[in-house]
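Notes for the one structure printed next.
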Amino acid sequence: LRSQICAGPRFVLKAMASAKSDLAQKAKQRGNAAFEEKNFEKAVEEFSAAIRVDPNDAVFFSNRSAAYVEVGLAEPDLAKRPGWFSKALADGEQATQLKPDWWKSWSRRGKAEYELGRLEDCIVSYQKALSLKPGGDPHFEAMIVNARQGLNDCTAADMAKLSPEQLQEKLRTGYGKLSLEELQEECKKSKLTTKKCKRKEDYVEILVQADCPSQTKKPTSKAVCHCFGSLYKKVVPAAS
Numbered sequence: 751l752r753s754q755i756c757a758g759p760r761f762v763l764k765a766m767a768s769a770k771s772d773l774a775q776k777a778k779q780r781g782n783a784a785f786e787e788k789n790f791e792k793a794v795e796e797f798s799a800a801i802r803v804d805p806n807d808a809v810f811f812s813n814r815s816a817a818y819v820e821v822g823l824a825e826p827d828l829a830k831r832p833g834w835f836s837k838a839l840a841d842g843e844q845a846t847q848l849k850p851d852w853w854k855s856w857s858r859r860g861k862a863e864y865e866l867g868r869l870e871d872c873i874v875s876y877q878k879a880l881s882l883k884p885g886g887d888p889h890f891e892a893m894i895v896n897a898r899q900g901l902n903d904c905t906a907a908d909m910a911k912l913s914p915e916q917l918q919e920k921l922r923t924g925y926g927k928l929s930l931e932e933l934q935e936e937c938k939k940s941k942l943t944t945k946k947c948k949r950k951e952d953y954v955e956i957l958v959q960a961d962c963p964s965q966t967k968k969p970t971s972k973a974v975c976h977c978f979g980s981l982y983k984k985v986v987p988a989a990s
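Each residue of the sequence shown is one higher than the one before, counting from 751 in our numbering.
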């Protein structure tokens, strides 16, 4: 008799949890259908309904992130687009927190970062997605290429405004981020003579002069990466 009494509340709780799960899944299905029909605002509503029922499912946040991006891309007022992309990024970040070993959550995050112009973050997110998805994904690789090109395009314009001396100083800072082993590898790839190099600073200076001699303002694409970000190191964060 006691076991039956104790089982009663547990049965009720189990039934309630099952009902909530059904509600959330049905909302997700409606959201997926709306997304397929390109009714992205409706998709956002349905995925939001699913999240209200179950805020711990990464899939719901991932799907809503994708829908927010599409709403933003369709927004005729360009000034309002970043707002949608910011919502997409918030959902992408939440999805990666809830399910850090799922490639799709990282790809959603990367897409939102790309649309917001956060290109370095975008590259890291897509690299993470690539590292988690079995067999890789050509689309992710293309997004990384696009982000790198975009970063080079915008930073090259910034570099053109610098004097040779300012450019060299930025290069020193950028190369200074690398380890001694990485600097030695860079010199080796560039076939630079390093016999007189005894300290890390010596390797940095050789690379700076090779990338941007004082008499020119035409740096290599490699110099762009070193000057304006950590992109060149191609850092892929470990799975949480």
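The beta carbon of each residue, even a glycine, is placed where N, CA and C say it ideally should be.
Where residue 877 falls, given that 16 or more other Cβ within 10 Å makes a residue buried: buried
Alpha carbon to alpha carbon, how far is residue 783 from residue 825? Give it in angstroms, no decimals. 21 Å
Going straight from the alpha carbon of residue 911 to that of residue 917, what length do you get? 9 Å
For residue 770, which residues in the same chain have their Cβ closer than 7 Å to its Cβ, ignoring the five residues on either side in sequence? 803 and 804
If the criterion is Cβ atoms closer than 8 Å, does the pair residue 954 and residue 926 meet it? yes
Rounded straight-line distance, which links the Cα of residue 931 to that of residue 943: 15 Å
With residue 860 and residue 875 assumed to form a contact (beta carbons below 8 Å), what rounded beta-carbon distance in angstroms separates them? 3 Å
Per-residue burial, residue 897 [other beta carbons within 10 Å of its own, 16 or more giving buried]: buried
At what residue ranges does the region 885-952 contain a whole run of the alpha helix (DSSP H), taking only runs of 4 or more? 888-910, 914-925 and 930-939
Buried or exposed: which applies to residue 839, given that a residue is buried once 16 or more other Cβ atoms fall within 10 Å of its Cβ? buried
Closer than 7 Å: residue 900 CB and nearest the ligand GDP heavy atom: Among the components of this structure there are no ligands whatsoever, and the ligand GDP is therefore not found.
Alpha carbon to alpha carbon, what distance is there between residue 855 and residue 934? 36 Å
For residue 857, which residues from the same chain have a beta carbon less than 7 Å from its beta carbon, with the 5 sequence-adjacent residues on both sides left out? 876, 879 and 890
Rounding to the nearest angstrom, what Cα-Cα distance links residue 967 and residue 915 in this structure? Unreliable placement is indicated for residue 967, whose pLDDT of 49 sits below 50; no coordinate value is reported for it.
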